[in-house]
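Chains as they are written, first to last, in our numbering: chain A, 1 to 151; chain B, 1 to 151; chain C, 1 to 83; chain D, 1 to 83.
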Amino acid sequence: MTPRIAIQEAPFDLGAESARLTAGRTDVGGLASFVGLCRADDGLAAMVLEHYPGMTERAIDRIAQEAAGRWPLLGCTVIHRVGRLPPGAPIVLVLTASSHRAAALESCAFLIDWLKTGAPFWKREEWADGTARWVEAKAEDDAATARWAPA
Amino acid sequence: MTPRIAIQEAPFDLGAESARLTAGRTDVGGLASFVGLCRADDGLAAMVLEHYPGMTERAIDRIAQEAAGRWPLLGCTVIHRVGRLPPGAPIVLVLTASSHRAAALESCAFLIDWLKTGAPFWKREEWADGTARWVEAKAEDDAATARWAPA
Amino acid sequence: MRVLYFAWVRQRVGMAEEEVAPPETVRDVAGLIAWLSARSPGHASAFANPRTIRAAVNQDFAGPDHPVAANDEIAFFPPVTGG
Amino acid sequence: MRVLYFAWVRQRVGMAEEEVAPPETVRDVAGLIAWLSARSPGHASAFANPRTIRAAVNQDFAGPDHPVAANDEIAFFPPVTGG
């Protein structure tokens, strides 16, 4: 299983990415996806995403391989957008394919939880009044990632 | 939140259904989906799905309302195909939208687990050698549904 | 009383639905199964092992003790296998 | 040694990257932070609270005790907020 990993400014196409994981094969029984979008909290004008080119792709590839070791994955796609994104814009896509649904659902949740805490992305919020602030890391995201740690 | 529920022979369009839940709104932070597909286990020619018209829609609507009571959902779509489906064909789609990712991911898993045990669908497998057999219910599906029961 | 059959229950009974008028002594799902079983060899075959049969009364799942009445829609089918 | 800065660390330092040649006494991430802090008021401001700073050495997350060497790529940034 070779994960497909992309960091890009352009939007992604959920339907096309999903079709790419299943096209021409008949062993996929379940396909789980998660799309994270930019919410328009109280006067948010845009979200600006920055990342660490090189390290980002390496880190995501490593966690995708870890997921493939924990669940019998037949396919895995992670696309994360960077740059300036308006409210309502999709930011991140995680797609996992497996022969069984639990593996697809669990690995998808695992990967998005991990992306929140383990991939070098940073978000800056720009507000309608001209101010901007860097989003702070959340303790609840650390907790969500920690629940996947081996006991 | 009014769930969108459809029982149909036609394929569904994951991209279009996803766009329908987020179009024109900026409060959705997470969109989770699950697509179940027909696997080609050893010589399977087709899967034939039958359901109980009327009861199916009622039962799915009821469980979607239950999900909306347990998680703060902003949207929910369940599409289940019936009729004769070849290996590789998508069978079922569950889509959930929420402001936060955990609610979207958990409610999506809840709904697909429930569909396996609580909605009146039946699958018949047709084999390349001309034989056919009704799929038997699995104890593991009952267990998956049971884990969502209130403690 | 309208009775519907699905999946292999339908195949064994040999029809998808029928209108029936059981005697007043048939008061619940279990009683209806016993009465239907005597209607034909197909019915008898379908209901031979009641543990493999599920029922719905007016489109809600119902156990063997659930009452049945003249205007009800009753359905019999195997454990469900959707999703 | 190549040093990269991201997010508000980059903004405070005032540049995205720089080549530096610290003395041999700078052997680990914590030592490098102390040495860089003395380079400018911007550096000092960026590293004022080391608890809010994360580091990577050659594109792997690294703690304060992680060794640093002449040909390494070292990055400093806040806790990540992607996804």
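Note that beta-carbon positions come from the ideal geometry of N, C-alpha and C, so glycine has one too.
Query                                                                                                                   : Result
7 Å Cβ shell around E57(A) - same chain, five flanking residues per side excluded                                       : I5, I7
Residues bridged to K123(B) (per DSSP)                                                                                  : L49(B)
Cα-Cα separation between A144(B) and G75(A), rounded to whole angstroms                                                 : 23 Å
Contacts that P87(A) makes with chain B (C-beta to C-beta distance below 8 Å)                                           : T26
CB contact check: F47(C) to chain B, cutoff 7 Å                                                                         : no
CB contact flag (V28(A), A97(A), <7 Å)                                                                                  : yes
Closer than 7 Å to chain B by CB, S107(A)                                                                               : no
Contacts that T117(B) makes with chain C (C-beta to C-beta distance below 7 Å)                                          : V80
Burial state of E140(B), where buried means 16 or more other Cβ atoms lie within 10 Å                                   : exposed
Candidates G88(B), R133(B), G36(B), of which the one nearest L95(B) by Cα                                               : G36(B)
Closer than 7 Å to chain A by CB, A34(D)                                                                                : no
H80(B): first and last residue of the uninterrupted beta strand (DSSP E) it sits in                                     : 73–81
Pair within 7 Å by beta-carbon distance, A70(C) and A62(C)                                                              : no
Nearest-angstrom Cβ-Cβ length linking P3(A) and T117(A), presumed shorter than 8 Å                                      : Wrong, their Cβ atoms sit about 19 Å apart, outside the cutoff.
Endpoints, beta strand (DSSP E) assigned at S33(B)                                                                      : 30–37
Paired residues, beta bridge with E18(D) - DSSP                                                                         : V3(D)
Proximity to G82(D) [Cα-Cα], best of G69(A), P87(A), M47(A)                                                             : M47(A)
Host beta strand (DSSP E) of R133(B) (start-end)                                                                        : 132–134
C-alpha distance - H100(A) paired with S107(A), whole-angstrom precision                                                : 11 Å
The stretch 81–94 of chain B touching the stretch 18–26 of chain B, judged by at least three CB pairs closer than 8 Å   : no
Where E73(C) falls: helix, strand or coil (DSSP)                                                                        : strand
Best match in V20(D), I33(D), P67(D) for proximity to T52(D) [C-alpha to C-alpha]                                       : I33(D)
Rounded separation between A75(D) and R124(A) - CA only                                                                 : 19 Å
V135(B) versus L44(B): straight-line alpha-carbon distance, rounded                                                     : 12 Å
Interface partners of A137(B) on chain C, CB under 8 Å                                                                  : P78, P79, V80, T81
Cβ separation of V3(D) and E24(D), assumed to be a contact under 8 Å, to the nearest whole Å                            : Not really, about 17 Å apart at Cβ, beyond 8 Å.
Any chain B beta carbon closer than 7 Å to F110(A)                                                                      : no
Distance CB(Q11(D))-CB(G54(A)) smaller than 7 Å                                                                         : no
Any chain A beta carbon closer than 7 Å to R20(B)                                                                       : no
is_contact[F34(B), chain A] using C-beta, thresh 7 Å                                                                    : yes
Boundaries (first-last residue) of the beta strand (DSSP E) holding I5(A)                                               : 4–8
Contact list for the stretch 3–18 of chain A against chain B, Cβ threshold 8 Å                                          : D13, L14, G15, A16, S18
Residues of its chain near E50(A), where Cβ-Cβ distance is below 6 Å and the 5 sequence neighbours each way are ignored : W122
With 16 other Cβ atoms within 10 Å as the buried cut-off, status of D240(B)                                             : Shown here, chain B extends from 1 to 151; a query on residue 240(B) therefore has no answer.
For L93(B), the nearest candidate out of D113(A), G88(A), S18(A), R62(A) (CA to CA)                                     : S18(A)
C-beta neighbour in chain B for A40(A), strict 7 Å                                                                      : yes
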